[in-house]
Amino acid sequence: MVLKIDHIGVAVENLEKSLQLYSGLLGLKSEGIEEVAEQKVNVAFIPVGESEIELLESTSPDGPIARFIVSRGLGIQHIAFCVENIEKALEELKAQGVRLIDEKPRYGAGGARIAFLHPKETQGVLVELCERVKS
Ligand code: ZN
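Per the working numbering: the sequence shown ends with 145, consecutive numbering throughout.
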């Protein structure tokens, strides 16, 4: 059901500084910044071959990324797997009794449809499923 690693989500304190870091150290460039108000984040995607790095900067101290940084520190926050059909993937997981954070797909940056699994089900790794709208 999984096609590839879609992206790796990284919690950062300052998007501009982090973008400079990835660009300066590795020559990687983002495709612009988007605010996802529902998640209280500013997001920048940096393409790397077939996958991407997703930099996440909180826009509010009570947002999920701000809370993640307080409890776990800066760094990798989640791994997103690209699936062809996210409803089908979620149904298959539910049928196996897997706990989900999102029972239904919701809006993700770049117009993707995303859903998170409960990290207790995946040995501490926050797993996102991501379906890209085909262009
Ligand atoms: Zn993500």
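From the three backbone atoms N, C-alpha and C, an ideal C-beta is built for every residue, glycine too. None of the values given here were measured: they were computed from a predicted structure.
Heavy atom of ligand 1 within 6 Å of residue i beta-carbon
| i | result |
| --- | --- |
| G85 | no |
| G19 | yes |
| G76 | Correcting the residue identity first, residue 76 is Ala in this sequence and not Gly. Not under cutoff, so the answer is no. |
| E62 | no |
| E138 | yes |
| A125 | no |
| A90 | yes |
Assigned secondary structure, residue i (DSSP; H/G/I helix, E/B strand, else coil)
| i | result |
| --- | --- |
| Q87 | strand |
| V135 | coil |
| S40 | coil |
| S33 | helix |
| R123 | strand |
| E26 | helix |
| V12 | strand |
Residue i vs residue j beta-carbon contact at 7 Å
| i | j | result |
| --- | --- | --- |
| H17 | E60 | no |
| S28 | V51 | no |
| L36 | A54 | no |
| P141 | I75 | It is Glu, not Pro, that sits at residue 141 in the sequence shown. No. |
| V20 | I79 | no |
| H139 | A105 | Rather than His, the amino acid found at residue 139 in this sequence is Leu. No, Cβ-Cβ distance for L139 and A105 is not below 7 Å. |
| V137 | L127 | yes |
| A119 | E44 | yes |
Cross-strand partners of residue i (DSSP beta bridge)
| i | result |
| --- | --- |
| N52 | E45, E67 |
| I18 | I63, I89 |
| P57 | E62 |
In chain order, which continuous runs of the alpha helix (DSSP H) of length 4 or greater are located wholly inside the segment 93 to 118? Counting only runs that start and end inside the segment 93 to 118, the alpha helix (DSSP H) elements of at least 4 residues fall at 96 to 105.
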